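A.B. asks: Mind looking over this structure? Questions follow.
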Amino acid sequence: MFKFNIKQSISVKYHILFWLGYFIFNVVRWGSYFNDYWYSLKSNLIEFPIHIIVVYINVYILIPKLVLRKRYWSYLFWLIFMLAMVYMVRTGLNYVLVTKNIWPEAGNSGQFLELNHIVAVVLGELYVIGFVSAIKLLIDWSIEKQRNEELAKLQLSTELKYLRTQIQPHFFFNTLNNLYALTLTKSDNAPQLVIKISDMMQYVLYEVNSSKADLFEEINHINNFIDIARLRFNDSIEFETDITGNIEDIEVPPLLFLTFIENSFKHGLKNSEKVTVVMSFEVKGKNYLEFNLVNSFNSNSDITNEQGIGIANTKRRLNLLFGSNYVLETTIRDNTYNLFLKIPIR
0 MFKFNIKQSI SVKYHILFWL GYFIFNVVRW GSYFNDYWYS LKSNLIEFPI HIIVVYINVY
60 ILIPKLVLRK RYWSYLFWLI FMLAMVYMVR TGLNYVLVTK NIWPEAGNSG QFLELNHIVA
120 VVLGELYVIG FVSAIKLLID WSIEKQRNEE LAKLQLSTEL KYLRTQIQPH FFFNTLNNLY
180 ALTLTKSDNA PQLVIKISDM MQYVLYEVNS SKADLFEEIN HINNFIDIAR LRFNDSIEFE
240 TDITGNIEDI EVPPLLFLTF IENSFKHGLK NSEKVTVVMS FEVKGKNYLE FNLVNSFNSN
300 SDITNEQGIG IANTKRRLNL LFGSNYVLET TIRDNTYNLF LKIPIR
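According to numbering that gives the first Met the number 0, the residues represented by the sequence shown are 0 to 345, in order.
This is the structure in C-alpha cells:
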C-alpha cells in the first residue's frame, strides 16, 4: 500500500513550486517576445504537461534503468522516440487548440515536418530535459554525499567505541594483576588498592560516557593508577608531573594518556629495580596540547614486541580522531624512553 509521509509531501511541494515558477517565467518570456501574452499562456498550457511527462520519464525511468546500467544505445533509442512523439503531439495540439501557425518564430513560413521546425522543437525539449535532469542529479549527488558522510561518521563512532571497550578490559586486567600480587604477599596495601580500583572503575564505567573527557579528571585518573603501582612496587617508582598553562575546560579523548603511562612502567620495571617517570602537559596557544613522557628504559628489553594491544589501540584512535592533525614521536636516548604527543584541543 502506498504511504504518504511528510518527506514525500515536502518533495511534491518543491516539484510543484519549481514547475509553477518555470511556467510563469516561460509565459512572461514568450509573451514579451511575441507581444502576445494570451498566446504564450495557451501554448505553454499545452507544452508544459508534455515537458513534465517527458522529464519524469527521463529522470525516474530511463536514467536509472538504462544510463546507470550503461545501456547507452537503448537510452538513445528511447530518447529519440520520445522526442519524435513530443514533436508530433505538441505540434498537433498547438495546431488544433492554439493556432494554425505552428511556428510563429519563423513567421508564416513554418511547415509541419519541416527540418528546421523539427530541430527547433527538439532542441527546446532537450533544453528542458537537460536543465531539469541536471538539477535532479545535483540534488541526488548532494543527498548521497551527505548520506556517505553520515555513514562515515557512524563508522568512526562505532570503531572508536569498540577500541575503547578493548582498552578498558585491558587496563583492569593489568590492575587486577597488581591486586593479585599484593594478596599473594598478604600485603597491608591490598585494602587501599581495592579502594583505588573502585575509584578508577567508577570513573571508567560511569563518568566517561562520551568522546571527550575533562583533562583535569584524566590526570586524576592517571594519579590513581600511579598510586596503585606504588602500592605494589613500594619505593621502586619515582613519578613527577608538570603542568604548564591553564588546563581548565580542556577536553581530551578519554583514557588516551593512560596507555603510555602503563607502557612506561613496563619499560622501566622489566629487569630493573627502579623506574623514574616524568610526565608533563603544556597548553600551546589555544589550539594544541603537548604531552611529554620520559621514563627510564632498560636497553636490554625489546619494546617493539612488548607494546601490546594498548599502544596499537591508542595509535588507531589517534588516526581516527585527528587524521594527520597530530604528532606522535618516540625516541630512545641514554637509557631513557621519550614520548611526545601533540593533539588539537579546539
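A virtual CB, placed ideally from N, CA and C, is assigned to each residue, including glycine.
Predicted model, so just to flag it, every value in this text is computed and none were measured.
Tell me whether Asn-262 is buried or exposed, calling it buried when 16 or more other Cβ atoms sit within 10 Å of its Cβ.
C.D. replies: Within the sequence shown, the letter at position 263 stands for residue 262. With 16 or more Cβ atoms within 10 Å of its Cβ, Asn-262 is classed as buried.
A.B. asks: Could you check where the beta strand (DSSP E) with Leu-340 kicks off and where it finishes?
C.D. replies: By 1-based counting over the sequence shown, the position of residue 340 is 341. Run containing Leu-340: 335-343, per the beta strand (DSSP E) assignment.
A.B. asks: Where are the alpha helix (DSSP H) runs, 4 residues long or more, that stay fully inside the stretch 178-208, in chain order?
C.D. replies: Those alpha helix (DSSP H) runs which fall completely within the stretch 178-208 and span 4+ residues are 189-201.
A.B. asks: For Thr-240, which of Asn-312, Ile-225, Val-85, Lys-69 has the nearest alpha-carbon?
C.D. replies: The count along the sequence shown starts at 1 and reaches residue 240 at position 241. Taking only the C-alpha atoms, the option nearest Thr-240 is Ile-225.
A.B. asks: Quick one: complete beta strand (DSSP E) runs, 3+ long, within the stretch 221-264?
C.D. replies: Entirely contained in the stretch 221-264, the beta strand (DSSP E) runs reaching 3 residues are, in chain order, 236-243.
A.B. asks: Give the DSSP-derived three-state secondary structure of Thr-330 in the structure shown.
C.D. replies: Walking along the sequence shown from the start, residue 330 turns up at place 331. Thr-330 falls in the strand class under three-state DSSP.
A.B. asks: Count the other CB atoms within 10 Å of the CB of Met-199; is the residue buried (16 or more) or exposed (fewer)?
C.D. replies: Within the sequence shown, residue 199 is the residue found at index 200, counting from 1. Met-199 should be labelled buried.
A.B. asks: Here's a check: name, in chain order, each residue in its chain whose Cβ is nearer than 6 Å to the Cβ of Leu-349, leaving out the five neighbours to either side.
C.D. replies: The displayed coordinates of the chain run from 0 to 345. Any statement about residue 349 would go beyond what the structure contains.
A.B. asks: Below 8 Å on the Cβ atoms is my guess for Leu-61 versus Trp-72; work out the distance and round it to an integer in Å.
C.D. replies: Counting from 1 along the sequence shown, the entry for residue 61 is found at position 62. Counting from 1 along the sequence shown, the entry for residue 72 is found at position 73. Their Cβ separation, rounded to whole angstroms, is 12 Å, which puts Leu-61 and Trp-72 out of contact at 8 Å.
A.B. asks: Is any non-hydrogen atom of the ligand ZN found closer than 7 Å to the C-beta of Thr-258, if you look at the structure I gave you?
C.D. replies: For the structure depicted, the ligand ZN is absent and the ligand set is empty, with no information on it obtainable.
A.B. asks: Residue range of the alpha helix (DSSP H) that Asn-93 falls in?
C.D. replies: Here the question's residue 93 lines up with position 94 in the sequence shown. First-last of the alpha helix (DSSP H) with Asn-93: 71-96.
A.B. asks: Tell me whether the beta-carbon of Tyr-86 lies closer than 8 Å to the beta-carbon of Val-121.
C.D. replies: Here the question's residue 86 lines up with position 87 in the sequence shown. Here the question's residue 121 lines up with position 122 in the sequence shown. A contact, by the Cβ cut-off of 8 Å.
A.B. asks: Out of Met-84, Leu-338, Val-11, point me to the one whose CA is closest to Glu-328's CA.
C.D. replies: The residue you call residue 328 lines up with position 329 of the sequence shown. Glu-328 has its Cα closest to that of Leu-338, out of Met-84, Leu-338, Val-11.
A.B. asks: Thinking C-alpha only, which one of Lys-211, Leu-183, Leu-214, Leu-175 is nearest Lys-195?
C.D. replies: Indexing the sequence shown from 1 puts residue 195 at position 196. The option with the nearest alpha carbon to Lys-195 is Leu-175.
A.B. asks: Between Thr-313 and Ile-138, what straight-line distance do the alpha-carbon atoms span, to the nearest angstrom?
C.D. replies: Within the sequence shown, numbered from 1, the residue matching residue 313 stands at position 314. Within the sequence shown, numbered from 1, the residue matching residue 138 stands at position 139. Roughly 39 Å between the two C-alpha positions.
A.B. asks: Need the endpoints of the alpha helix (DSSP H) that Glu-46 sits in, please.
C.D. replies: Position 47 of the sequence shown, counted from the start, is the residue given in the question as residue 46. Looking at the DSSP string, the run of the alpha helix (DSSP H) that includes Glu-46 is 36-56.
A.B. asks: Count Cβ pairs between the stretch 316-332 and the stretch 273-282 that sit closer than 8 Å; are there 3 or more?
C.D. replies: Contact fails: fewer than three Cβ-Cβ distances are below 8 Å.
A.B. asks: Can you tell me whether Tyr-336 is buried or exposed, with buried defined as 16 or more other CB within 10 angstroms of its CB?
C.D. replies: Start at 1 with the first residue of the sequence shown, and residue 336 comes out as number 337. With 16 or more other Cβ atoms within 10 Å, it is buried.
A.B. asks: For Val-274, which three-state DSSP category applies?
C.D. replies: Mapped onto the sequence shown, residue 274 falls at position 275. Correct three-state label for Val-274: strand.
A.B. asks: Whole-angstrom Cβ separation of Ile-246 and Leu-214, contact assumed at under 8 Å?
C.D. replies: Taking the sequence shown and counting its residues from 1, the one referred to as residue 246 is at position 247. Taking the sequence shown and counting its residues from 1, the one referred to as residue 214 is at position 215. Confirmed, about 5 Å.
A.B. asks: Classify Ala-83 as buried or exposed, calling it buried when 16 or more other Cβ atoms lie within 10 Å of its own Cβ.
C.D. replies: On the sequence shown, position 84 is the one that residue 83 refers to. It counts as exposed.
A.B. asks: Just how far apart, CA to CA, sit Leu-112 and Asn-147?
C.D. replies: Start at 1 with the first residue of the sequence shown, and residue 112 comes out as number 113. Start at 1 with the first residue of the sequence shown, and residue 147 comes out as number 148. So the two alpha carbons sit approximately 49 Å from each other.
A.B. asks: Name the residue from Pro-343, Ser-295, Asn-324, Leu-317 whose alpha carbon lies nearest to the alpha carbon of Asn-334.
C.D. replies: Position 335 of the sequence shown, counting from 1, holds the residue named residue 334. Looking at the Cα atoms, Ser-295 is the closest of the given residues.
A.B. asks: When you compare only the Cα positions, how much space is there between Arg-316 and Lys-64?
C.D. replies: Here residue 316 refers to the residue found at position 317 of the sequence shown. Here residue 64 refers to the residue found at position 65 of the sequence shown. For Arg-316 and Lys-64, the distance between alpha carbons rounds to 42 Å.
A.B. asks: By DSSP's criteria, Tyr-287 is part of a beta bridge. Which residues make up the other side?
C.D. replies: As a first step, residue 287 must be located in the sequence shown, where it is residue number 288. According to DSSP, Tyr-287 bridges with Lys-283, Pro-343.
A.B. asks: Round the Cβ separation of Ile-221 and Leu-257 to the nearest angstrom and send it over; I've been treating them as touching at under 8 Å.
C.D. replies: As a first step, residue 221 must be located in the sequence shown, where it is residue number 222. As a first step, residue 257 must be located in the sequence shown, where it is residue number 258. Yes, Ile-221 and Leu-257 are in contact; Cβ-Cβ is about 6 Å, under 8 Å.
A.B. asks: Out of Leu-230, Asn-219, Leu-340, which one is the CA nearest neighbour of Ala-189?
C.D. replies: Position 190 of the sequence shown, counted from the first residue, corresponds to residue 189. Comparing Cα positions, the closest option is Leu-230.
A.B. asks: Applying the 10 Å Cβ sphere with the 16-neighbour rule, what's the burial state of Glu-143?
C.D. replies: Stepping through the sequence shown from its first residue, residue 143 is reached at position 144. Per the 10 Å Cβ criterion, exposed.
A.B. asks: Give the DSSP bridge partners of Leu-292, in chain order.
C.D. replies: Locating residue 292 in the sequence shown gives position 293, counting from the first residue. Answer is Met-278, Leu-338.
A.B. asks: Under 8 Å Cβ to Cβ from Lys-211, same chain only, skipping five residues before and after it: list those, please.
C.D. replies: By one-based count along the sequence shown, residue 211 stands at place 212. Glu-250, Val-251, Pro-252, Pro-253, listed in sequence order.
A.B. asks: Please report the straight-line C-alpha distance between Thr-98 and Phe-80, rounded to a whole angstrom.
C.D. replies: Translated into the one-based positions of the sequence shown, residue 98 becomes position 99. Translated into the one-based positions of the sequence shown, residue 80 becomes position 81. Each residue's alpha carbon lies about 25 Å from the other.
A.B. asks: According to the neighbour-count rule (16 or more other Cβ atoms, all chains shown, within 10 Å of its Cβ), is Arg-236 buried or exposed?
C.D. replies: The sequence position of residue 236 within the sequence shown is 237, counting from 1. Checking the displayed sequence, the identity of residue 236 turns out to be Ile instead of Arg. Buried: at least 16 other Cβ atoms inside 10 Å.
A.B. asks: Grab me the residues of Thr-303's own chain with a C-beta within less than 8 Å of its C-beta, minus the 5 sequence neighbours each way, in chain order.
C.D. replies: By 1-based counting over the sequence shown, the position of residue 303 is 304. Residue placement at Thr-303 cannot be trusted, given a pLDDT of 45 that sits under 50; the coordinates are not used to answer.
A.B. asks: Which whole-angstrom value describes the C-beta separation of Phe-47 and Ser-39, a residue pair presumed to lie in contact below a C-beta threshold of 8 Å?
C.D. replies: As a working mapping, residue 47 is identified with position 48 in the sequence shown. As a working mapping, residue 39 is identified with position 40 in the sequence shown. Contact flag wrong, Cβ pair sits at about 12 Å.
A.B. asks: Pop quiz: Phe-128 and Asn-57 are said to be a contact at Cβ under 8 Å. What is the actual Cβ separation, rounded to whole angstroms?
C.D. replies: The sequence position of residue 128 within the sequence shown is 129, counting from 1. The sequence position of residue 57 within the sequence shown is 58, counting from 1. One detail in the question is off: residue 128 reads as Ile in this sequence, not Phe. About 5 Å; that satisfies the 8 Å criterion.
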